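Reading through the structure tokens given below for one structure.
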Amino acid sequence: MTVTKLQLNAARKFVCPKCGDELRYESGGAVRIVNGKVDMEATKPRQICDHCKVFYRELLGSGYFDEFPLEGEAVKATPKAPTPKAQPSSATPKKRVISTGDIPPTQLKREADGKCPCPRCGDRMDFVEAGPVQIVNGKPDFSNTMDHFVCPYCKSVFRKIVGTDYFQWSDR
787 MTVTKLQLNA ARKFVCPKCG DELRYESGGA VRIVNGKVDM EATKPRQICD HCKVFYRELL
847 GSGYFDEFPL EGEAVKATPK APTPKAQPSS ATPKKRVIST GDIPPTQLKR EADGKCPCPR
907 CGDRMDFVEA GPVQIVNGKP DFSNTMDHFV CPYCKSVFRK IVGTDYFQWS DR
């Protein structure tokens, strides 16, 4: 582990010790689950060099920074130069996704292909039939013990409200 003391430029911003570019500050994000474990590293602020594809994280408020390679998620989130409008885009346009709090309980019915439209984004949701309890990482997983719909576009899950014909958005 090599630690570095980052230098400040005239604008009082940190500069990359490798290339000399100004570092982009990113505040800590939310706690996330990675491979079934809590990842607290995502909550810490960091200084990012988009040119060298590395980031620096301060060690215990000491003024010294440790260097890490930039993960795939952060590389995708870095700002890039706008692409010219003249090129035809092969990507599908983004759909409007409704907030989960604005979705009332809804009756969802499978169509002939086993799918139905998503109340949140309008894409086609897949129907997942109920199955037995599964053991995941030594713990019981009850998430697929009841019929539900899953949207591949907005990653929404709609579970049936017990004793009714209505489905409601649900956390996984």
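Residue numbers for the sequence shown, in this note's numbering: 787 to 958.
Here a beta-carbon is modelled for each residue, glycine too, at the ideal position from N, C-alpha and C.
Small disclaimer: the values here were computed from a predicted structure and weren't measured.
_For N821 and A898, what's the separation of their Cα atoms in angstroms?_
36 Å
*Please determine, among D927, V789 and Q954, the residue with the shortest C-alpha to C-alpha distance to P905.*
Q954
*Coarse secondary structure for D927, derived from DSSP in three states*: strand
*Residues near C805 by beta carbon distance below 8 Å, same chain, minus five either side*: C835, H837 and C838.
_By the three-class DSSP mapping on this structure, what secondary structure does T829 have?_
helix
*Report the rounded CA-to-CA distance for V919 versus S929, giving the unit in angstroms.*
8 Å
*Quick one: residues in its chain with C-beta nearer than 6 Å to the C-beta of E844, no 5 flanking neighbours on either side, listed in chain order?*
F851
_Unbroken beta strand (DSSP E) run spanning Y811, endpoints_ = R810 to E812
*What beta strand (DSSP E) runs, 3 residues minimum, are completely inside the region 883–924?*
901–903, 910–914 and 920–922
_Cβ of C838 within 9 Å of any chain C Cβ_ = Of the protein chains in the structure, only one exists, and it is not chain C.
_Which of helix, strand or coil DSSP assigns to D957_ = coil
_Would V922 and F935 be called neighbours here (beta carbons separated by less than 9 Å)?_
no
_Option nearest R832 by Cα separation, candidates G847, P890 and G887_ = G847
*Going by the CB atoms, is the gap between Y811 and K799 shorter than 9 Å?*
yes
*Kindly give me the distance between the Cβ atoms of T931 and G917, rounded to whole angstroms, as I take these residues to be in contact under 8 Å.*
7 Å
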